[in-house]
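Asks: In the working numbering, the protein residues as written are 2 to 223. Even glycine gets a Cβ: it sits at the ideal position worked out from N, Cα and C.
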Amino acid sequence: MTPAMSPPRLTLADAGEAAATAAFLQRLVRWEKTAAVRIQAGDGVVALFARPARFEVLAVRTARLDEPARTFDTTVAAGELLELLDERARVLAVPAAVTGPPWAGVLPPRSGWQRLGELPSDAVRSVAAAAVAEFRRRAEALTPQQRTRAELDALADEIWSRPLGRTGLPLRAAHAAHALGFLGGPEPLGLLSKGPWLRLATPHGSVAVRTGRAEGLSVSPA
Numbered sequence: 002m003t004p005a006m007s008p009p010r011l012t013l014a015d016a017g018e019a020a021a022t023a024a025f026l027q028r029l030v031r032w033e034k035t036a037a038v039r040i041q042a043g044d045g046v047v048a049l050f051a052r053p054a055r056f057e058v059l060a061v062r063t064a065r066l067d068e069p070a071r072t073f074d075t076t077v078a079a080g081e082l083l084e085l086l087d088e089r090a091r092v093l094a095v096p097a098a099v100t101g102p103p104w105a106g107v108l109p110p111r112s113g114w115q116r117l118g119e120l121p122s123d124a125v126r127s128v129a130a131a132a133v134a135e136f137r138r139r140a141e142a143l144t145p146q147q148r149t150r151a152e153l154d155a156l157a158d159e160i161w162s163r164p165l166g167r168t169g170l171p172l173r174a175a176h177a178a179h180a181l182g183f184l185g186g187p188e189p190l191g192l193l194s195k196g197p198w199l200r201l202a203t204p205h206g207s208v209a210v211r212t213g214r215a216e217g218l219s220v221s222p223a
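And the structure:
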């Protein structure tokens, strides 16, 4: 009988990287218990890609590794990955692979991004918070008969499909960044582009959207 192989183990660079990775996975699983994560490791860095339920954007969280790891690429269940993360030891044990969802086969580019400008983090947080408040207010105004899943989904789509100023990003990108804890600091956010992709980059993670490029994009969030 062939002995079972132990799961790959990645050692994160420090306690901060371990805590931030755990926080990202916790928030992701809170939004979607069955969320999948595609993991790519190599050159001393591990990248976690996810598509949180209902956000329709790709979230990317990277972490430095303690030592260069072999090239590694797999898709796993986010909940299992979180369970196997040992924050104290800074060890990320990778669970068995799962069948990847369609989005996992179309990831944003690794390099070649063009920086379009910066966005003030407080302004993006304010826009996201205002949209969340609008959704709650309008949802609460519905009668019990109107408050169906289809009606709530339509309301959410109406709000989160709106543009984030003239950035070319939909509001759902700011919502996802806020919900996943990417907007926690005072640092300005980067707006980047590569082909049909737009990316909102923060020190805590990125949100990428595949969308038709338009002329005259601006870094104004309002």
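Does DSSP put glutamate 33 in a helix, in a strand, or in coil?
Replies: Looking up residue 33 in the sequence shown gives position 32. Residue state, collapsed to three classes: coil.
Asks: Report the three-state DSSP secondary structure of arginine 173 (helix, strand or coil).
Replies: On the sequence shown, residue 173 is found 172 positions in, with the first residue counted as 1. Residue state, collapsed to three classes: helix.
Asks: Leaving out the 5 sequence neighbours to the left and right, which residues in its chain are closer than 6 Å to glutamate 181 when beta-carbon positions are compared?
Replies: By 1-based counting over the sequence shown, the position of residue 181 is 180. At residue 181 the sequence reads leucine, which differs from the glutamate that was named. Taken in chain order, the residues that qualify are Arg28, Ala60.
Asks: If you follow the beta strand (DSSP E) that alanine 64 is in, where does it begin and where does it stop?
Replies: Position 63 of the sequence shown, counted from the first residue, corresponds to residue 64. Taken as a continuous stretch (DSSP letters only), the beta strand (DSSP E) holding alanine 64 covers 59-65.
Asks: Provide the residue span of the beta strand (DSSP E) that contains valine 47, from first to last.
Replies: Taking the first residue of the sequence shown as 1, we reach residue 47 at position 46. Unbroken beta strand (DSSP E) run through valine 47: 46-51.
Asks: Rounded to the nearest angstrom, how far is the Cβ of leucine 1 from that of leucine 26, given a contact under 8 Å?
Replies: The displayed coordinates of the chain run from 2 to 223. Any statement about residue 1 would go beyond what the structure contains.
Asks: Three-state secondary structure (DSSP) at glutamine 146?
Replies: As a working note, residue 146 is residue 145 in the sequence shown. Three-state DSSP puts glutamine 146 in coil, outside helix and strand.
Asks: If you count every other CB in all the chains shown that lies within 10 Å of the CB of proline 69, and 16 or more means buried, which is it?
Replies: The residue you call residue 69 lines up with position 68 of the sequence shown. The residue is exposed, with fewer than 16 neighbouring Cβ atoms inside 10 Å.
Asks: Given a cut-off of 8 Å on the beta-carbon distance, is the pair alanine 175 and alanine 129 in contact?
Replies: Counting from one through the sequence shown, the residue named residue 175 turns up at place 174. Counting from one through the sequence shown, the residue named residue 129 turns up at place 128. In this structure, alanine 129 lies closer than 8 Å to alanine 175 by Cβ.
Asks: Specify the secondary structure class of arginine 91 as computed by DSSP and reduced to three states.
Replies: Stepping through the sequence shown from its first residue, residue 91 is reached at position 90. Arginine 91: coil per DSSP, three-state reduction.
Asks: Skipping 5 residues on each side, what residues in its chain have a beta carbon closer than 7 Å to that of proline 9?
Replies: The residue labelled residue 9 in the question sits at position 8 within the sequence shown. For proline 9, where only same-chain residues beyond five positions count, the Cβ hits under 7 Å are Phe73, Val95.
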